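In the working numbering, the protein residues as written are 93 to 479. A quick write-up on the structure given underneath.
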Amino acid sequence: MYIVSKTLHQAVGGRCAWCGRADRTLTEDHVFPRVLGGTKELWIPSCTECQTFISRAELEVGRSSFYSLFRLTQGPKGRDKRKPGSGLLEARYMLVKHPLGGYGEAVLRVGDETPQALPSIEIDVADRKGIRRRGMKPQEVDDLVQVLAQIQQRTQNVESFLAQIPVRLDKIPDIDEDLDFWPRVVLDVRHKPFIRARNEREALSFAKLLYLLVKTYRFGEYAAWTEAEVKGGTPHQLLLSYRRASMHRMVAKVLVALARIRNPQLADNRVFQAVSKFILGATESAGGVEVKDVWWPDTISSWPEHHVVYFGRCDGRVVGVTSFYGDCHVVDFGPVDQFSERTEEVAARCRRDGTRAEIMPKEFGVYVRDTLLDQAYGRKTIKEGAA
Ligand SMILES: [Zn+2]
């Protein structure tokens, strides 16, 4: 194992690796984000403020990008079972067509095999003929009703009631024309309700009826229940959405963090400082440094159990290459003369299941760089700086 703690702490002079400030509480920032399986074996000092910005992008990538689907099968697992958000896929929607009619809302968690149905109340606003209640247990729908009743007590009228419940109007092709889709109110895993409807008009009609029903209707009559359990093999629709900039911030962060473990002197490097601002979300671009998407996950099979990262030289430039879940990103940090002559190359890997992260020997770095860059640029790279 590569020991970073003492040397790195001394090199950065007790400063945050991202903002450079010394007057803030420092924590250990995982080089490989925890959502990808990163462990504390590789870390750099970061203040809690910077950590907050960085984890925001990392969580977005780990929970709502295509990486989250790979997490389901390859890990790491969600950390804390008691925290409702732990290991959760944060999809814009996840709809399950129910054999008895309509669509259930569900969530999927890392480590679970089938989606978990969320408690919901649906109302047929077009014909005003039906109400469907769904949930795994009657108690769940009672919880939903209770939350709604509390909101209603705080509000004056249906408009202020509606204003307190987020409304989701995502375009979902299947439900657009389907009369069997009824607008609904759903209680998510964090105990927050939301309304889903196809358009604003439908949302308003639904809210009016719901407002009335919460006051007058006896939801505790369990006979009118629709069982919501999602059986294995039930088809469902899932929409994940994330900002590409968050993905790029995460890629840049891993590379800069890794490079600085081996090269503490880069703290004062102009290029790295510009990239750090981008990583923290303070700028929309990294001062001329570009993160390129090269392949999508699962297209590289060389490291089926690891994420791998290389930082070093190629064709007279300083570059970074990453492969997470078998995809590839390349970062061109610019000509070598913008970096100190002492800048050393470095490669690392981390197990996808979250059990180990480590700096790799030089030969491994050369192998990673050549394998990824040869494919990325479709040619043999010039082996500059190679062992
Ligand atoms: Zn900081």
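Quick reminder that beta carbons are idealized off the backbone N, C-alpha and C, glycines included. All values reported here derive from a predicted model rather than from experimental measurement.
Alpha carbon of Arg-126 to alpha carbon of Ala-439, nearest angstrom: C-alpha of Arg-126 to C-alpha of Ala-439: approximately 18 Å in a straight line.
Touch check for the region 457-469 and the region 145-153: three-plus C-beta pairs under 8 Å? Flag = no, the region 457-469 and the region 145-153 do not touch.
Could you say which of Arg-116, His-122, Arg-113 and Val-281 lies nearest to Arg-448 if we only look at CA atoms? Nearest option by C-alpha distance: His-122.
In three-state terms, what does DSSP make of Tyr-195? Tyr-195: strand per DSSP, three-state reduction.
Please indicate yes or no: does the CB of Ser-157 lie closer than 7 Å to some heavy atom of ligand 1? Every heavy atom of ligand 1 is 7 Å or more from the Cβ of Ser-157, so no.
Along the chain, where does the beta strand (DSSP E) that runs through Tyr-309 open and close? Segment: none, Tyr-309 is in no beta strand (DSSP E) and carries neither H nor E.
Would you give the residue range spanned by the alpha helix (DSSP H) that Cys-142 belongs to? For Cys-142, the enclosing alpha helix (DSSP H) covers residues 140-156.
Let me check one thing: in DSSP terms, what residues is Glu-402 bridge-paired to? First, the amino acid is wrong: residue 402 is Tyr here, not Glu. BP columns for Tyr-402 point to Val-413 and Ala-439.
Contact the region 217-224 vs the region 245-265: 3+ CB pairs below 8 Å: Short answer: they don't touch.
Mapping DSSP to helix, strand and coil, what is Ile-213? The three-state reading of DSSP puts Ile-213 in strand, counting E and B together.
Out of curiosity, what's the CA-to-CA distance linking Pro-176 and Lys-284? Near 11 Å, if we compare the C-alpha coordinates of Lys-284 and Pro-176.
Apply the 10 Å Cβ neighbour rule to Arg-471 and answer buried if 16 or more other Cβ atoms are within range, or exposed otherwise. Residue confidence is low: Arg-471 scores 48 on pLDDT, short of 50, so the model does not pin down where it sits. Its coordinate-derived value is still stated next. In this structure Arg-471 is exposed. Its beta-carbon is surrounded by fewer than 16 other beta-carbon atoms within 10 angstroms.
Tell me which same chain residues have a C-beta within less than 7 Å of the C-beta of Pro-207, skipping the five on either side of it? Contacts found: Met-186, Val-188, Ala-198, Val-199, Leu-200, Val-322 and His-328.
Could you check the C-alpha separation between His-340 and Pro-230 for me, to the nearest Å? Spanning the alpha carbons of His-340 and Pro-230 requires a straight line of approximately 44 Å.
Leu-210 to Met-228, Cα distance in whole Å? Here the C-alpha atom of Leu-210 lies approximately 8 Å from the C-alpha atom of Met-228.
Please list, following the chain, all residues that have a C-beta closer than 5 Å to any non-hydrogen atom of ligand 1. Per the Cβ criterion, the list is Cys-108, Trp-110, Cys-111, Cys-139 and Cys-142.
Using only the alpha-carbon positions, how far apart do Trp-387 and Asp-419 sit? Cα-Cα distance, rounded: 5 Å.
In the structure shown, what three-state DSSP assignment does Thr-375 receive? Thr-375 falls in the coil class under three-state DSSP.
For Leu-330, the three-state DSSP class (helix, strand or coil): Residue state, collapsed to three classes: strand.
Within this structure, are the beta carbons of Leu-240 and Val-281 separated by less than 8 Å? No, the Cβ-Cβ distance between Leu-240 and Val-281 is not below 8 Å.
Within 8 Å, strictly: CB atoms of Ala-218 and Val-259: Taking 8 Å as the Cβ cut-off, Ala-218 and Val-259 do not qualify as a contacting pair.
Determine the closest residue to Pro-396 out of Arg-434, Arg-362, Arg-113 and Asp-445, with distance taken between C-alpha atoms. Selected option, being the one with the closest Cα: Asp-445.
Where Asn-355 falls, given that 16 or more other Cβ within 10 Å makes a residue buried: Under this definition Asn-355 is a buried residue.
Tell me where the beta strand (DSSP E) around His-421 begins and ends. From DSSP, the beta strand (DSSP E) with His-421 extends over 420-427.
Count the other C-beta atoms from every protein chain shown that fall within 10 angstroms of the C-beta of Arg-174, then say buried if there are 16 or more, exposed otherwise. Counting every other CB atom within 10 Å of its CB across the protein chains shown gives Arg-174 a total below 16, marking it as exposed.
For a quick check, are the C-beta atoms of Ser-156 and Tyr-334 less than 8 Å apart? Closer than 8 Å, so yes.
List, from N- to C-terminal side, the beta strand (DSSP E) runs of 3 residues or more that fit wholly inside the region 225-301. Listed in chain order, the complete beta strand (DSSP E) runs (minimum 3 residues) inside the region 225-301 are 276-279 and 285-288.
Neighbourhood of Leu-332 by C-beta, 6 Å cutoff - its chain only, sequence neighbours within 5 removed: So the qualifying residues of the chain are Ser-156 and Ala-183.
When you compare the CB positions of Gly-170 and Gly-179, do they come within less than 8 Å of one another, or not? Yes; because the gap between Cβ atoms is below 8 Å, this pair is in contact.
Tell me which residues share the same chain as Val-306 and place their Cβ nearer than 8 Å to its Cβ, disregarding the 5 neighbours each side in the sequence. Only Val-237, Leu-240, Ala-241 and Gln-244 meet the Cβ criterion.
Tell me whether Ser-393 is buried or exposed, calling it buried when 16 or more other Cβ atoms sit within 10 Å of its Cβ. By the neighbour-count criterion, in which 16 or more other beta carbons inside 10 Å mark a residue as buried, Ser-393 falls on the exposed side.
Which term fits Asn-291, buried or exposed, when burial requires 16 or more other beta carbons within 10 angstroms of its beta carbon? It counts as exposed.
Note the first and the last residue of the continuous alpha helix (DSSP H) segment covering Leu-164. Per DSSP, Leu-164 belongs to the alpha helix (DSSP H) from 159-166.
Local conformation of Thr-473 per DSSP, three classes: In this predicted model, Thr-473 has a pLDDT of only 43, less than 50, meaning its place in the structure is not dependable enough to derive any value.
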